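Engineer: Got a structure here, written out as structure tokens. Questions coming.
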Amino acid sequence: MPMINVDGQEIEVKKGENILEACLNAGLDLPYFCWHPSMGSIGSCRQCALVQYQNEEDTRGRIVMGCMTPASDGARFSLKAENATQFREAVVESLMLNHPHDCPVCAEGGECHLQDMTVMVGHRDRRYTGKKNTYRNQYLGPLIHHEMNRCIACYRCERYYRDYAGGKDLGAQASHDHLYFGRHEEGILESEFSGNLVEVCPTGVFTDKPFLKQYSRKWDLQSAPSICQGCAVGCNIAPGERYGKVKRVHNRYNHDVNGYFICDRGRFGSGYLNSDLRLDYAGIKNPDGSFFAVHQQQALNTAADWMAGKKVAAIGSPRASLEANYLLRELVGSKNFAPGFSDQEADLMDSIANILQTSMSINPSVKQIETADAILILGEDVTNTAPRVALALRQSVRNKAFELAEQMGLPPWQDAAIRNLAQDQRSPMTIVSAMNTRLDDVASACVSLAPDDIAAFGHAVAAALVGEITNNPQADAAAQMLKMAKNPLIVSGSSMAHQGVINSAAAVADALSQTTSMLSFCVPECNSLGLAMMVADGASSHLKALVKRAAKIDALIVLENDLYRRGDKALIDQLLAGGAKVITLDMYENGTLDQSDLVMAAASYAESQGTLVSSEGRAQRFYPVQSPASERLPSWEWLLRLAKATEHKKLSKIENFDQIVTACAKSSPLFTKLVDVAPLNSFRDRGSKIPRQTHRYSGRTAMNSGVSVHEPQQAQDHESPLSFSMEGLNRDQPASLTPFVWAPGWNSNQSLQKFQSEVDGPLKGGSSGVRLISSSQTGADISSQITQISLKPHQWHLVPMEQVHGSDELSAHTEEISELAGRGFIAIGKKVAEKLAVTEGDGLLVKQDDIECSLEVRILSRVAKNCIGYSAGYAEARGLVAGRLVSLQVDKTWQRSGPEMIASDKAAFQPVVGDGGTRNV
Amino acid sequence: MEKVLTRNIEPGKAPTDMTAYEANGGYQGLHKALTSMSSLECREVVSASNLRGRGGAGFPTGMKWSFVPMDDKCTPGHKYLVCNADEMEPGAFKDRLLMEYDPHQLIEGMILSAYCIGADLSYIFIRGEYVVAIDRLRQALKECYAKGYLGDNILGSGFKLDMYVHPSAGRYICGEETALINALEGKRANPRAKPPFPQVSGLWGRPTIVNNVETLCNIPHIIDRGADWFKSLGVGEDAGTKMFGVSGRVKTPGCWELPMGTPIREILENHAGGMQDGLQLKGFLPGGGSTDFLTHEHLDLAMDYNVIGKAGSRMGTGTMIILDDQTCPVGMVLNLIRFFAHESCGFCTPCRDGLPWTRQVLEDIEQGRGKTEDLDTLEYQINYIGAIGNTHCALAPGAMEPLQSALKYFRDDFERHISGGCCPYHSGKGA
Amino acid sequence: MSNAKMIQSDISSVLTLQEMAAIDHELEHVPYKSGAAIDALKIVQAERGWVSDESLQAIAKYLDMSAEELEGVATFYNLIYRRPVGEKVILFCDSVSCWISGCDSIKATISETLGVDYGETTEDNRYTLLPVPCLGACDRAPVMMVGDDLVTHLDTHKISEIFASSKSGDQS
């Protein structure tokens, strides 16, 4: 290990790291702005300056930038030398020339890296007497607020948005001290990852717009370690709550999963939690169809009555925790339990769970995906089905650049130099899909095929890999690309709703027969894989089978599931109106709830704890940020109480959450490791629970005095090692119990480095979660048979197009997300549009069997023959089934939407053009 | 003295075309090199000639070229030669002359240099305001293609080279070689961090050499007549001749080719004709707007890189700017700082925000609002911005050079501004 | 969403065939389309005097760049005009040698004669006055460019000669 000397202290450094990283790793406080652990160095802000000495005799030294200086053995530095400290102070002083003194009204205040660094360098008194530069702000959409006056021109936003996340519509404009970071013209930021600007910006230029409307300081937020419920990737999040509302969601670092970044659905999609449409009380249906509110016990008693001695069936949910699903399944018995997938989904999830257990490939973590050097994507528009994975894939294609850099001896943190060296050279990525995907811009090849043909393509690649002649040059090329790679990766998933596509992906992965090959599936919901693993024993039912038995069911319990999203309306009507008493546990009004006889108000993810299994097979625990409001209960608690009320033999012995986990772990060999997912309730860190509140949390005893002057008892958490309190330590505990990051002198999210074992490494408490699935030696058992659909004239294959904003059931209830989702759409190619004489924004009637939907036209540049896409999961497209044939006709009654329907609050802003850099022009 | 770079240039004489250039020995160097010398031999001659870069930094040209990966050490792909014709240094006006009046000399120099480093594509990155030079260079390129001096298989040697004129969209920082490369790539011209140096990863990530116009104009003569001949031209430590210029209120401002090492006094008095009547010399910037002031005591120094360097300034472009005793030194420095503050690319903090602050302080002093502590602020800024390494590139340290030397030599002028509450030079310029 | 306008409008309705041909010519020797960004901006500006939002969007589309990327480039350079300019741009050198030679008073004369300050265009739309970094003709200071012509050894007499026909409103 090389050693460097910093202020007389010998520091062991990692080969290839830079001095800034070395200093931070040694626990030294060296200020910085433009450097970012995942984006490397550019040497722009000049903040991490220190003095480097030639040798022991050299007492003068020279200023160098820590982030741009390799840590070479024997090098000598000083942080404390006067010229270094003066220089760093001078840098902050110059950044402050134009920075407004608006901290009291700035949303970044209290977690501002610029504030922290200003204090750290000791800058206090202003000497500059000139005027400050001011800028006009831009409307950037409903998610991000723009306040350019605060900009310190560190270039992080541009580097993140453009270089890292592949966004095109934000960048640096003008020059000298008139730099401007924004769009060409006002409008909604196009990237699905725009929200990370909030955390990337070291000050308050880009702030969380929905948070601004209900603002609290970071130190006043109560946070908990949580898991995003927006998709199956399992990103770790830290929601912040105050006054009973979840005010914002921040990224929570998990080295193996989301790292520093989450998608906009994850960050902004929790607005529905605070909605008035949430259920507060249990309710029993009146004869007129309305519900009357009842107390929890009354609801439980009623349910118990309906269940006693009767035939009870239950439907679980891929968006509910493993614990709740487990309890429900035990409560009614495996045979009477359906996991709550649509029938199509059930088969797909069954094969995916099976393939992942039997394939020789690794099911990679997001971090591992970033190591891929050749990628084949079969059928998925990953940005829309597993957004964070797509962000990782954008990094994977850069491995070519890192390879070139290594040949030249450039360290990987030399960001600008590596980009200049590699230019557009990327690791190969072949995307085989029915239509445009959001990763096409970094793909080396895009192949447009109908789902059946995607599957055939995959099998051709597999055949080519084992040396067969395929007569398919594109497949041969893809096979060659994978063969040449060190870490080949196949990505597929369930969004094509096509068994053959999934099988073909497995076939390619196994044909590679390398231990380093990776196979990743995008699956629909946060616990889809967990649920599929739970029912992998085959003992449970399908939805369709339950419908057949509907007449014989006396009571049906539905757990957090709107069944109308899972199957034909007629079918679900038959099930719910078949005479059985329907008991529903959910949190938000939906069609299933309307058809229920008894409703139990379920707590949201922010009010309960549970375990989810991500698409990586990683089981992770989420914890409540707040205790449930009103009469809500976590679903697992409803079900545990229901088990007690019905005197269920096995379940009534269970007393607490940990015991559910233990029981669930015993229920299947796949779940054995569940007990290791997170520490037990009894865990204490140095004698105390982990506090959810910062130690500067204010008004704890007074914040509710507007409601009652009596000081209520502080909420208690009896089920987890976390407390609703500021007492205790939040440092170095197991990663799964880290609710927020803060360190003395580091109030912003940059304090994360104090929690990491090393810069960009796992947290000191490890990486949260436990992988339940490992690769196998047997190889997946898969069929290469594909059932072809035959088309009649004027019919098209209907291909689902998942959308980050709009397709997910719950986040779509969030105002900002629904604004971005726009109207339900039908996506067609240019030729079809010409034939139908429609343009973008027109309406089409889409007919499938007896379903008829009126959808907005979107025109794509790349569409496979005979395919059309539709906005999956949108209310307007409800009932359409993927893979089946449809016919199209122009909707003559269609009203085109005006632009004001999208940018609703645009009118509140003056039209703005960025500060032009042209001299005086 | 033998005229080398300006042998085709005389007042009142028309610019040279192909015929005129060849008639006076033009393209002999090219013929000689491509028919009888290997590229290695050519490089060795240039190295041996001690030619130093004429753009300002004075880096030995042969050594710069030696970092370019050659033959099998180079990965397959293009190599580039770029001529830096972005003459924007305040007070510099030598390259314009060479390009407008003898475009073929530059082109021959570029073909030879490209041959030396194995480049197959070359660009003349020229400032957009030089419309005459752009026209004449383009015309000359046409003649070269017609003559077979450019294109495939030049003079049957198998050597291939294409050359383009790229007019800049205007920005002083483009004169910095890595910023220039970014500009050529169609990007914002922020300088790049070094290493990697352009010689290994430059334009489009490929090996690239960027040389100044005057540097390249020397190459045909060095190849044609040899290193020893070239070295013999200088009268001091450095080799060759140099374009020296004088501007400001002298009798005959202008630009002349003189031997390296010509004493400053000779340039100023013999060629520029001395100060205009009624004016005294107060100081001068020896090599353009980003070099330190020198004064009377330095007049007998030789214009050599090291000599001027030891005196505390730089030879820079070799074009001097003269400060007379009736021009306000504070106003002159303010003019320069204003220029540099505006031309900062905005990439790094000290330059982007430090220069406008410095400008503001100087404005206060010049306009009579200065305070005594402002001089401390200026010293502080010099210390903060002025050292190479403190900033991302050399722009801001260069900007500080006239300021720091003005404070050294003309401090009383600054103090008189502050104590008097106005500019003591009521020359109608600074106020 | 902001690009919707552009996606639907055909580039050819914004860029002329000559402009596209000239850009194509530049594209021949750059490995990436964006490499011709500055050339393309200059080509369009040469035709139209300046680069409007509409032109910028069309060029960006033609070069497979986003408008933001091209805007970043366009606003960086002094000689790309993102606002309308007059028939001729006066590039007035205010750098050090010209300043020593008294350019401030010449500038005052121009402003008085034409009724414009830096960044402004004369009412008759003939001239836009801009400052320019050192024009590299310091031996002939003070200097300026009017359109493509370099004018040297400026004095008040010369100024009134050049702008004789374009005086500000107060002339008698």
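Chains as they are written, first to last, in our numbering: chain A, 1 to 921; chain B, 1 to 431; chain C, 1 to 172.
Positions of the beta carbon are idealized from the N, C-alpha and C atoms, including for glycine.
Predicted, not measured: the structure shown is a model, and the values here were computed from it.
1. So which residues on chain C does S175 of chain A lean against when the C-beta distance must stay under 8 Å?
2. Give the residues of chain A in contact with G72 of chain C, contact being defined as C-beta atoms less than 7 Å apart.
3. What distance in whole Å lies between the Cβ atoms of T317 of chain B and E89 of chain B, which are believed to be in contact at a cut-off of 8 Å?
4. Enumerated in chain order, which unbroken segments of the beta strand (DSSP E) with a length of 3 residues or greater are wholly contained in the segment 180-267 of chain B?
5. Tell me the start and end of each unbroken beta strand (DSSP E) in the segment 44-90 of chain B that is at least 3 residues and wholly inside, in chain order.
6. Evaluate contact between the segment 226-242 of chain A and the segment 383-397 of chain A, counting only Cβ atoms and requiring at least three cross-stretch pairs below 8 Å.
7. Distance check for M496 of chain A and E323 of chain A, CA to CA, integer angstroms please.
8. Among residues of its own chain, excluding the 5 on either side of G779 of chain A, which ones have a beta-carbon nearer than 6 Å to its beta-carbon?
9. In chain order, what residues of the same chain lie with their CB nearer than 6 Å to the CB of G58 of chain B, ignoring the 5 residues before and after it?
10. Just how far apart, CA to CA, sit G182 of chain A and L189 of chain A?
11. Can you check whether the CB of I388 of chain B is closer than 8 Å to the CB of T358 of chain B?
12. Going by C-alpha to C-alpha distance, which of B:F410, B:I385, B:Y409, B:K64 sits closest to Q199 of chain B?
13. Candidates B:A20, B:S47, B:V246, B:K79: which alpha carbon is nearest R101 of chain B's?
14. Tell me which same chain residues have a C-beta within less than 7 Å of the C-beta of L112 of chain B, skipping the five on either side of it?
15. Have a look at the DSSP bridge pairing and note the partners of H1006 of chain A.
16. Would P100 of chain A and R150 of chain A be called neighbours here (beta carbons separated by less than 8 Å)?
17. Of all Cβ atoms in chain C, is any one closer than 8 Å to the Cβ of V200 of chain B?
18. Just to confirm, are A506 of chain A and M349 of chain A a CB contact at a threshold of 8 Å?
19. Candidates A:G883, A:G538, A:H813, A:T738: which alpha carbon is nearest A224 of chain A's?
20. Please list the partners that T139 of chain C has in chain B, where partner means a Cβ-to-Cβ separation under 7 Å.
21. Can you give me the Cβ contacts of K483 of chain A inside the same chain, cut-off strictly under 8 Å, excluding the 5 residues immediately before and after it?
22. In three-state terms, what does DSSP make of T207 of chain A?
23. Hey, could you find the ends of the alpha helix (DSSP H) N503 of chain A is sitting in?
24. Candidates A:A877, A:T672, A:V249: which alpha carbon is nearest G822 of chain A's?
25. Assuming R248 of chain A is part of the beta strand (DSSP E), what are its boundary residues?
26. Can you tell me whether M275 of chain B is buried or exposed, with buried defined as 16 or more other CB within 10 angstroms of its CB?
27. Under 8 Å, Cβ to Cβ, is there at least one residue of chain A near Y384 of chain B?
28. So Q423 of chain A packs on W204 of chain B, CB below 8 Å; how close in whole Å?
29. Within 10 angstroms of its Cβ, does E711 of chain A collect 16 or more other Cβ (buried), or is it exposed?
30. Got a sec: which bits of the segment 346-357 of chain B sit with their beta carbon under 9 Å from any beta carbon on chain A, in order along the chain?
31. Output the distance between the C-alpha atoms of C116 of chain B and Q139 of chain B, rounded to the nearest integer angstrom.
32. I believe V677 of chain A touches Q620 of chain A by the beta-carbon criterion, under 8 Å. Please report the beta-carbon distance rounded to the nearest angstrom.
33. Please report how far the alpha carbon of L810 of chain A lies from the alpha carbon of T592 of chain A, in whole angstroms.
34. Secondary structure at R62 of chain A, three-state DSSP: helix, strand or coil?
35. Using a beta-carbon distance below 8 Å, is N325 of chain A in contact with chain B?
36. What is the DSSP secondary structure of P669 of chain A, reduced to helix, strand or coil?
Structural biologist: The answer reads as follows:
1. Mapped onto the first sequence, residue 175 of chain A falls at position 175. Correct list: T75, F76.
2. Within the third sequence, numbered from 1, the residue matching residue 72 of chain C stands at position 72. In chain order: G171, A172, Q173.
3. In the second sequence, the residue the question calls residue 89 of chain B occupies position 89. In the second sequence, the residue the question calls residue 317 of chain B occupies position 317. Yes, they are in contact, since the Cβ atoms of E89 of chain B and T317 of chain B sit about 5 Å apart, within 8 Å.
4. 208-212, 241-248, 254-259
5. Whole beta strand (DSSP E) segments, 3+ residues: 80-85.
6. yes
7. As a working note, residue 323 of chain A is residue 323 in the first sequence. As a working note, residue 496 of chain A is residue 496 in the first sequence. Rounded to whole angstroms, the separation of the alpha carbons of M496 of chain A and E323 of chain A is 29 Å.
8. Working through the first sequence from its first residue, we reach residue 779 of chain A at position 779. Once the five neighbours on either side are set aside, the close Cβ partners of G779 of chain A are M360, D510.
9. Your numbering for residue 58 of chain B matches position 58 in the second sequence. Result list for G58 of chain B: R52, Y305, in chain order.
10. Indexing the first sequence from 1 puts residue 182 of chain A at position 182. Indexing the first sequence from 1 puts residue 189 of chain A at position 189. For G182 of chain A and L189 of chain A, the distance between alpha carbons rounds to 10 Å.
11. Taking the first residue of the second sequence as position 1, residue 358 of chain B is located at position 358. Taking the first residue of the second sequence as position 1, residue 388 of chain B is located at position 388. Going by C-beta atoms, T358 of chain B is not nearer than 8 Å to I388 of chain B.
12. Numbered from its first residue, the second sequence carries residue 199 of chain B at position 199. Among B:F410, B:I385, B:Y409, B:K64, the Cα nearest to that of Q199 of chain B is on B:K64.
13. Residue numbering aside, residue 101 of chain B sits at position 101 when the second sequence is read from its first letter. Inspection of the sequence shows that residue 101 of chain B is occupied by Tyr rather than by Arg. When each option's Cα is compared against that of Y101 of chain B, the closest is B:A20.
14. Residue mapping note: residue 112 of chain B aligns to position 112 of the second sequence, counting from 1. Counting only Cβ-Cβ distances below 7 Å, and skipping sequence neighbours, we find G29, L30, A33, C42, I219, P220, I223.
15. Past the boundaries of the shown model lies residue 1006 of chain A; chain A is included only from 1 to 921, so the question cannot be answered.
16. For the purposes of this step, residue 100 of chain A is identified with residue 100 of the first sequence, where counting begins at 1. For the purposes of this step, residue 150 of chain A is identified with residue 150 of the first sequence, where counting begins at 1. In contact: P100 of chain A and R150 of chain A (Cβ atoms closer than 8 Å).
17. Here the question's residue 200 of chain B lines up with position 200 in the second sequence. It does not; no Cβ of chain C falls within 8 Å.
18. Working through the first sequence from its first residue, we reach residue 506 of chain A at position 506. Working through the first sequence from its first residue, we reach residue 349 of chain A at position 349. It is not a contact, given that the beta carbons lie outside the stated cut-off.
19. Mapped onto the first sequence, residue 224 of chain A falls at position 224. With respect to the C-alpha of A224 of chain A, the residue from A:G883, A:G538, A:H813, A:T738 having the closest C-alpha is A:T738.
20. Locating residue 139 of chain C in the third sequence gives position 139, where the first residue counts as 1. This sequence places Asp at residue 139 of chain C; Thr is not what is there. F93, G245, S247, P253, G254, C255, listed in chain order.
21. Looking up residue 483 of chain A in the first sequence gives position 483. These residues qualify, in order along the chain: L465, L512.
22. For the purposes of this step, residue 207 of chain A is taken as residue 207 along the first sequence, with counting starting at 1. Looking at T207 of chain A - three-state DSSP - the assignment turns out to be strand.
23. By one-based count along the first sequence, residue 503 of chain A stands at place 503. 499-512 is the extent of the alpha helix (DSSP H) around N503 of chain A.
24. The residue labelled residue 822 of chain A in the question sits at position 822 within the first sequence. Of A:A877, A:T672, A:V249, the residue nearest in Cα terms is A:A877.
25. Mapped onto the first sequence, residue 248 of chain A falls at position 248. In the DSSP annotation of this structure, the continuous segment of the beta strand (DSSP E) that includes R248 of chain A starts and ends at 245-251.
26. Counted from its first residue, the second sequence places residue 275 of chain B at position 275. Buried.
27. As a position in the second sequence, residue 384 of chain B is number 384, starting the count at 1. Residue contact check for Y384 of chain B against chain A: a CB pair falls below 8 Å.
28. Sequence index remark: in the first sequence, residue 423 of chain A carries index 423 (1-based). Sequence index remark: in the second sequence, residue 204 of chain B carries index 204 (1-based). Q423 of chain A to W204 of chain B, Cβ: 6 Å. Contact.
29. Here residue 711 of chain A corresponds to residue number 711 of the first sequence, with the count starting at 1. So E711 of chain A counts as exposed.
30. G346, F347, C348, T349, P350, C351, R352, D353, G354, L355, P356, W357
31. In the second sequence, the residue the question calls residue 116 of chain B occupies position 116. In the second sequence, the residue the question calls residue 139 of chain B occupies position 139. Taking the straight line from one Cα to the other gives about 25 Å.
32. The sequence position of residue 677 of chain A within the first sequence is 677, counting from 1. The sequence position of residue 620 of chain A within the first sequence is 620, counting from 1. Correct: roughly 7 Å between the Cβ atoms.
33. Residue 810 of chain A sits at position 810 when you count from the first residue of the first sequence. Residue 592 of chain A sits at position 592 when you count from the first residue of the first sequence. Each residue's CA atom was taken as its position, placing L810 of chain A and T592 of chain A some 14 Å apart.
34. Working through the first sequence from its first residue, we reach residue 62 of chain A at position 62. R62 of chain A: strand per DSSP, three-state reduction.
35. Indexing the first sequence from 1 puts residue 325 of chain A at position 325. Chain B contact via Cβ: absent.
36. As a first step, residue 669 of chain A is located in the first sequence; it is residue number 669 there, counting from the start. Correct three-state label for P669 of chain A: helix.
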